[in-house]
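>
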Amino acid sequence: MKFNKLLLSFFASVALALPIKDKDGRYYVKRGNKQFYIPNELRSNNFDNNASNWSFARSKASEDFILFWEPGFGTNPQAAPANLRFDVDDVLAKAEKFFDYYKNTLKFIEGKSQTETYKMSIWIKYQTEWLATGSGYDNVVGALWVNPSTIQPVGGTIAHEIGHTFQYQVHCDGKYGFRDQDYVGTYWEVCAQWMASRLYPEMFSNTEFELVPNNCWKHPLHENFRYQSILMNEYWSEKHGIDIIGRIWNGAANLDDPFDAYKRVTKIDQAALNDEMFLVAQKNILFDYKHMGNVLKPFRNRYNIKLQTNNDGTYQIPPEQCTQTYGYAPIPLEIPAGGKVTVKFTGITGNPAYHTMQDRVAGWRYGFVAVTGNGDTAEYSKAFVGTTQTSSATFTVPNGTKNLWFIAMGAPTEHVRHHWKEGDNSGDEHFPWKAAFSTCIRGQACNPSIQVDNNAESAPNVNPAPVANPAPVANPAPVANPAPVANPAPVANPAPVANPAPVANPAPVTNTIPSYNSNTFPSFSNPFGNFDFSNFDFSRFRGSFPFFFK
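Residue numbers (mature numbering (1 follows the signal peptide of the UniProt record, and there is no 0)): -17 to -1, 1 to 533.
This is the structure we're talking about:
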């Protein structure tokens, strides 16, 4: 009898150690309601042996996730040293909230999905070195790898990384999913940060968002502010509903970049896209967005474009701040006493001081923003089409205007993709321009080179189209004690301006960034710290990160 019991025990242990192979050649082990997919690189790991680096004895599963931790934590990670301690239940509970929100509200999962069969996996490394990486395994199911400091407690960091697992999942479920091109990687970061900000808007309450006004003239998918350039997603979600970003990911055709996919999904042409992106530029004067507007208030008036002065009385955008595709240059103007302002605008091509590689499709949009009332409302002019032929527009300044802005934006006649080249801006396209105004640039003494032209095309005030039933986010996936994100993703060499044209008496900045208050934000969860994807060695996980170009 004793021998039989030993024999049964032996066969039971062998059965546990042998995963099941499905019809597609994938190995899995049943864990609760779903299966745990065994990644190819971990086939030799015996999950039933506690001596293995990854063991079921050091794991816990929820409905949609399975979490493993390394042997150094022991059986109870809350008994680990303070700097390595974490709460397994907190991680799984919040991961489930993120899963529900990204799947059912943002609609990143569309139709049949591998997540119906397999759990996503979370792998906790026993190390103090910062690690927070999300993607997945073998084009089957999403996964993320983190160290304990990213989950003390769970907050924006994990919301961001689980965002990556959902992006990865799109391709796993049979779609293109913005893979394998050097012009899509920045959108993975833009979008994951936007996804996390839906749950943790306070992520951007610190100074790192200043990278937006400091890089405003660049392509929205430029790598220099890839963790902050979320505002086109804000606009798109207000215009089309909160699920538009998931629809873009699922609706992208092979080789699309996000703008290609957006045009495809919303059925608009390039001219309409240019008009929409100009409205985004106008809204960015006050960060006029329902979800993020209050958080971003401190960053108003942080723009500092340094125009060159020409002998003919025009002002010209300098090469080091030249507007790129959908990049914009806000110029503060003095409010004219007569109540009207005229601009004469000329696009420039063929100038060797600029990057002229996209001159064939050069185009521009320009117009005005009047900040009114107590400074929290604005009126927008229509978008004017700029060409290399000089055109004029006259704007009637609303009564009660507090601040007046002119904005010019690169608006190519064909969409221009941005290719990620870390630290190398030599391939960035330029759409230069010059303008003359019937008023002075704010803070500068001048004799305007032109007068108000009542015969110029009028710039009527435009109220942006209201959002039709805009899927409000009412306490989405509430998370207790959210950890604000400090200084995500430092940008290496962010857009230095070499010898910028000096501006006489530049407009003073009236809004300062509030200092950190430990009573307001008692615990920080730094999502990236000094971890820079551009320098990270992905060789170990090469097959799991196909979205990083090689």
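Even for Gly, the Cβ is constructed at its ideal location relative to N, Cα and C.
Which residue or residues does DSSP assign as beta-bridge partners of E362?
Indexing the sequence shown from 1 puts residue 362 at position 379. A353.
> Would DSSP call A142 helix, strand or coil?
By one-based count along the sequence shown, residue 142 stands at place 159. DSSP places A142 in helix when its eight states are reduced to three.
> Closer than 6 Å by C-beta to A264: which residues in its own chain qualify, once you throw out the five before and the five after it? Chain order, please.
Indexing the sequence shown from 1 puts residue 264 at position 281. Correct list, in chain order: Y311, I390 and M392.
> From which residue to which residue does the beta strand (DSSP E) around P313 run?
Here residue 313 corresponds to residue number 330 of the sequence shown, with the count starting at 1. Looking at the DSSP string, the run of the beta strand (DSSP E) that includes P313 is Y311 to L316.
> Taking 8 Å as the cut-off, decide whether the C-beta atoms of V435 and K323 are in contact.
On the sequence shown, position 452 is the one that residue 435 refers to. On the sequence shown, position 340 is the one that residue 323 refers to. The answer is yes: Cβ separation under 8 Å.
> Taking P2 as the reference, give the member of F30, K17, N36 and E24 with the closest Cα.
Numbered from 1 along the sequence shown, position 19 holds the residue referred to as residue 2. Checking every option, the nearest Cα to that of P2 belongs to F30.
> If I measure Cβ to Cβ from I496 and keep anything under 6 Å in the same chain, skipping five residues before and after, which residues do I get?
Your numbering for residue 496 matches position 513 in the sequence shown. Confidence at I496 is low in this model, with a pLDDT of 30, below 50, so its placement is unreliable and the value that follows should be read with caution. Cβ neighbours of I496 beyond the five flanking positions: T190 and P281.
> Is the beta carbon of G117 sitting closer than 8 Å to the one on E144?
Here the question's residue 117 lines up with position 134 in the sequence shown. Here the question's residue 144 lines up with position 161 in the sequence shown. Yes, the Cβ-Cβ distance between G117 and E144 is below 8 Å.
> Excluding five sequence neighbours on each side, which residues of the same chain lie with their C-beta closer than 7 Å to the C-beta of P22?
Residue numbering aside, residue 22 sits at position 39 when the sequence shown is read from its first letter. Taken in chain order, the residues that qualify are Y120 and D121.
> What three-state label does DSSP hand A255 in the structure shown?
Taking the sequence shown and counting its residues from 1, the one referred to as residue 255 is at position 272. Helix, per DSSP.
> Which stretch, first to last residue, makes up the beta strand (DSSP E) that contains N386?
In the sequence shown, the residue the question calls residue 386 occupies position 403. Its beta strand (DSSP E) spans residues N386 to G393.
> In the DSSP output, what is E440 paired with across the bridge?
Working through the sequence shown from its first residue, we reach residue 440 at position 457. Beta-bridge pairing links E440 to A376.
> Can you tell me where the alpha helix (DSSP H) holding Y218 begins and where it ends?
Residue 218 sits at position 235 when you count from the first residue of the sequence shown. Here the alpha helix (DSSP H) through Y218 covers L214 to H223.
> Could you check the C-alpha separation between D243 and Y170 for me, to the nearest Å?
For the purposes of this step, residue 243 is taken as residue 260 along the sequence shown, with counting starting at 1. For the purposes of this step, residue 170 is taken as residue 187 along the sequence shown, with counting starting at 1. Taking the straight line from one Cα to the other gives about 13 Å.
> DSSP on Y120, reduced to helix/strand/coil?
Here the question's residue 120 lines up with position 137 in the sequence shown. Of the three classes helix, strand and coil, the one that applies to Y120 here is strand, per DSSP.
> Give the DSSP bridge partners of K77, in chain order.
The residue given as residue 77 occupies position 94 in the sequence shown. Per DSSP, none; premise fails for K77.
> Taking Cβ to Cβ, would you say G160 is nearer than 8 Å to H154?
Within the sequence shown, the letter at position 177 stands for residue 160. Within the sequence shown, the letter at position 171 stands for residue 154. Against a cut-off of 8 Å, the Cβ pair of H154 and G160 comes out as a contact.
> Looking at the unbroken beta strand (DSSP E) that takes in L50, where does it start and where does it end?
As a position in the sequence shown, residue 50 is number 67, starting the count at 1. F48 to W52 is the extent of the beta strand (DSSP E) around L50.
> Output needed for L279: all residues of its chain with C-beta closer than 6 Å, excluding positions within five of it in sequence on either side, in chain order.
Residue numbering aside, residue 279 sits at position 296 when the sequence shown is read from its first letter. Here the set comprises F270.
> CA-CA distance, Y166 and Q341?
What you label residue 166 is simply residue 183 of the sequence shown in a count that begins at 1. What you label residue 341 is simply residue 358 of the sequence shown in a count that begins at 1. Y166 and Q341: Cα-Cα distance of roughly 16 Å.
> Specify, as a first and last residue, the run of the beta strand (DSSP E) that W113 falls within.
Start at 1 with the first residue of the sequence shown, and residue 113 comes out as number 130. Unbroken run through W113: none, as it is neither H nor E.
> Can at least three beta-carbon pairs, one atom from the region 360 to 379 and one from the region 291 to 306, be found at a separation below 8 Å?
No, because fewer than three Cβ pairs between the region 360 to 379 and the region 291 to 306 fall closer than 8 Å, the two stretches do not touch.
> If you draw a straight line from the C-alpha of G224 to the C-alpha of F56, how long is it?
Here residue 224 corresponds to residue number 241 of the sequence shown, with the count starting at 1. Here residue 56 corresponds to residue number 73 of the sequence shown, with the count starting at 1. Each residue's alpha carbon lies about 43 Å from the other.
> Should T58 be labelled buried (16 or more other beta-carbon atoms within 10 Å of its own) or exposed?
Sequence index remark: in the sequence shown, residue 58 carries index 75 (1-based). It is exposed - the Cβ of T58 has fewer than 16 other Cβ atoms within 10 Å.
> What does a CB cutoff of less than 8 Å around G383 pick up in its chain, not counting 5 residues either side in sequence?
The residue labelled residue 383 in the question sits at position 400 within the sequence shown. For G383, where only same-chain residues beyond five positions count, the Cβ hits under 8 Å are T355 and G356.
> Going along the chain, which residues of its own chain have a beta-carbon closer than 8 Å to the beta-carbon of T371, five neighbours each way excluded?
By one-based count along the sequence shown, residue 371 stands at place 388. So the qualifying residues of the chain are T329, G330, I331, T332 and A345.
> In three-state DSSP terms, what is Q427?
Translated into the one-based positions of the sequence shown, residue 427 becomes position 444. Three-state DSSP puts Q427 in coil, outside helix and strand.
> Thinking C-alpha only, which one of Y337, P319, N444 and M103 is nearest F414?
Translated into the one-based positions of the sequence shown, residue 414 becomes position 431. For F414, the nearest C-alpha among the options comes from Y337.
> Identify, in the order they occur along the chain, each residue of the same chain with its Cβ nearer than 7 Å to the Cβ of K327, setting aside the five sequence neighbours on each side.
Translated into positions along the sequence shown, residue 327 becomes position 344. Answer for K327: T373, S375, A418, A419 and I433, listed in chain order.
> When burial is assigned at 16 or more other CB atoms within 10 Å of the CB, is T111 buried or exposed?
Position 128 of the sequence shown holds residue 111. So T111 counts as exposed.
> DSSP three-state call for R348: helix, strand or coil?
Along the sequence shown, one-based indexing puts residue 348 at 365. Of the three classes helix, strand and coil, the one that applies to R348 here is strand, per DSSP.
> Give the DSSP-derived three-state secondary structure of S180 in the structure shown.
Start at 1 with the first residue of the sequence shown, and residue 180 comes out as number 197. Helix, per DSSP.
> Checking 8 Å against the spacing of the C-beta atoms, do L256 and K266 come in under that value?
Numbered from its first residue, the sequence shown carries residue 256 at position 273. Numbered from its first residue, the sequence shown carries residue 266 at position 283. Not a contact, by the Cβ cut-off of 8 Å.
> Measure from the alpha carbon of A439 to the alpha carbon of each residue in I105, S421 and R181, then state which is nearest.
The count along the sequence shown starts at 1 and reaches residue 439 at position 456. Of the candidates I105, S421 and R181, the one whose C-alpha sits nearest the C-alpha of A439 is S421.
> Can you name the start and end residues of the alpha helix (DSSP H) that A244 belongs to?
For the purposes of this step, residue 244 is taken as residue 261 along the sequence shown, with counting starting at 1. Start and end: P241 to T249.
> Span of the alpha helix (DSSP H) holding W232?
What you label residue 232 is simply residue 249 of the sequence shown in a count that begins at 1. First-last of the alpha helix (DSSP H) with W232: I227 to G234.
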